[in-house]
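Below is one structure; the comments refer to it alone.
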Amino acid sequence: MYFLLGRVKAQIFHPPLSFKGFILFKISEPVNGSATLKCPVNKNRAVEFVYFQKGDFFVNGHHSENHITGKWNNTKMDKNFTFYMYNLERSQSGHYKCIIMYKNDKDPVIHEYNLTVTVPYSKPSFTKECNKRNDIRSCQVTCMAQDGYPSQKIWIVLVQSGNDNNGMVTSRNDSVFNLTTKLFSSTVTVEFNCSNTEVEFVCSVGGVVSETISICEPVFCFQSSFRNYVTEIFLAFFFWNRLGIFLHELYSQKTG
21 MYFLLGRVKA QIFHPPLSFK GFILFKISEP VNGSATLKCP VNKNRAVEFV YFQKGDFFVN
81 GHHSENHITG KWNNTKMDKN FTFYMYNLER SQSGHYKCII MYKNDKDPVI HEYNLTVTVP
141 YSKPSFTKEC NKRNDIRSCQ VTCMAQDGYP SQKIWIVLVQ SGNDNNGMVT SRNDSVFNLT
201 TKLFSSTVTV EFNCSNTEVE FVCSVGGVVS ETISICEPVF CFQSSFRNYV TEIFLAFFFW
261 NRLGIFLHEL YSQKTG
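The number in the working numbering is simply the position in the sequence shown, starting from 1, with 20 added.
Take a look at the structure:
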């Protein structure tokens, strides 16, 4: 397959069965950021051309004898055949190839790269609901983070827990892809057994952390407190009553 680039006819390569081995490099950079893809060219050999492709689409390159046009605007290649990308767009995630053709060689040397352009998720928000069944108290918390890429799980990071097993009973992660924005929303739902004491944790996704979430706080026992309150009133009444009787008797003795 061929396409015309200015004054040079450049070739789009599909790796032949006999092509020289490649190494897959995995790169992850944020949207609007930059990426550097180093193409390991042997400086002791004469190079005919070096092309960077995304799939079958030409991105940037160098030819030893001809000028090449049609390069992506947000890319450049230096004299050491290092490829730079700027102002990354999420759509530029994908599979890239550096194709090196040395003079007098039959097949090219191909190095492959997998570029992931990440989009940070929103700060996780949360809802919580607590209930009591059969004298066992539990709390369910759902954390949600939106508009991120790629799909990532939300992690529960404990800050404080009085339970040896953290009190976590169940956990469920879900990720939903938005066909319009091409971004993901991620949720996690966890349930805690509140049999021991308070639990504090945060929800984290891609380095973005929620506010500290507190659940299973000690429950104020109204019945016990009311009983203590009545007891204190009775004791106070008894004390003042006895004091009144004592003062009355003392006064009677003095006036009698």
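Even for Gly, the Cβ is constructed at its ideal location relative to N, Cα and C.
Check: Can you tell me which of the three DSSP states residue 149 falls into?; Outcome: strand
Check: With a CB to CB cut of under 6 Å and the five nearest residues on each side skipped, what residues in its chain are close to residue 114?; Outcome: 74
Check: Who are the Cβ neighbours of residue 143 in its own chain at under 6 Å, not counting the five residues just before and after it?; Outcome: 228
Check: In whole angstroms, give me the CA-to-CA distance for residue 123 and residue 61.; Outcome: 13 Å
Check: Could you tell me the distance, in whole angstroms, from the CA atom of residue 215 to the CA atom of residue 156?; Outcome: 7 Å
Check: Give me the Cα-Cα distance between residue 119 and residue 210, rounded to the nearest whole angstrom.; Outcome: 48 Å
Check: Looking at the structure shown, is residue 166 part of a helix, part of a strand, or coil, going by DSSP?; Outcome: strand
Check: So, helix, strand or coil for residue 142, using DSSP?; Outcome: coil
Check: In its own chain, which residues sit with a C-beta less than 6 Å from the C-beta of residue 112, not counting the 5 before and 5 after it?; Outcome: 137
Check: Please go through the same chain and pick out, in chain order, the residues whose beta-carbon is closer than 6 Å to the beta-carbon of residue 193, but skip the five residues on each side of it.; Outcome: 173 and 208
Check: For the beta strand (DSSP E) that residue 174 lies in, which residues bound it at each end?; Outcome: Taken as a continuous stretch (DSSP letters only), residue 174 belongs to no beta strand (DSSP E), as it is neither H nor E.
Check: Measuring CA to CA, which of 213, 166, 202 and 106 is closest to residue 189?; Outcome: 213
Check: Could you tell me whether the region 49-56 touches the region 88-106, using the rule of 3 or more Cβ pairs below 8 Å?; Outcome: yes
Check: Is DSSP giving residue 253 helix, strand or coil here?; Outcome: helix
Check: Quick one: what's residue 87 bridged to in DSSP?; Outcome: The partner list for residue 87 (beta bridge, DSSP) is empty, contrary to what the question assumes.
Check: Could you spell out where the beta strand (DSSP E) holding residue 205 opens and where it closes?; Outcome: 204-213
Check: Which whole-angstrom value is the C-beta distance of residue 134 and residue 44, which I expect to be below 8 Å?; Outcome: 6 Å
Check: Could you tell me which residues DSSP pairs with residue 44 in its beta bridges?; Outcome: 132
Check: Count the other CB atoms within 10 Å of the CB of residue 230; is the residue buried (16 or more) or exposed (fewer)?; Outcome: buried
Check: Whole angstroms are fine: how far does the CA of residue 179 sit from the CA of residue 219?; Outcome: 8 Å
Check: Below 8 Å on the Cβ atoms is my contact criterion, and I expect residue 225 with residue 206 to pass it. Report the Cβ-Cβ distance as a whole number of Å.; Outcome: 6 Å
Check: Going along the chain, which residues of its own chain have a beta-carbon closer than 7 Å to the beta-carbon of residue 68, five neighbours each way excluded?; Outcome: 84, 121, 122 and 123
Check: Can you tell me where the beta strand (DSSP E) holding residue 73 begins and where it ends?; Outcome: 67-74
Check: Could you check the C-alpha separation between residue 199 and residue 166 for me, to the nearest Å?; Outcome: 14 Å
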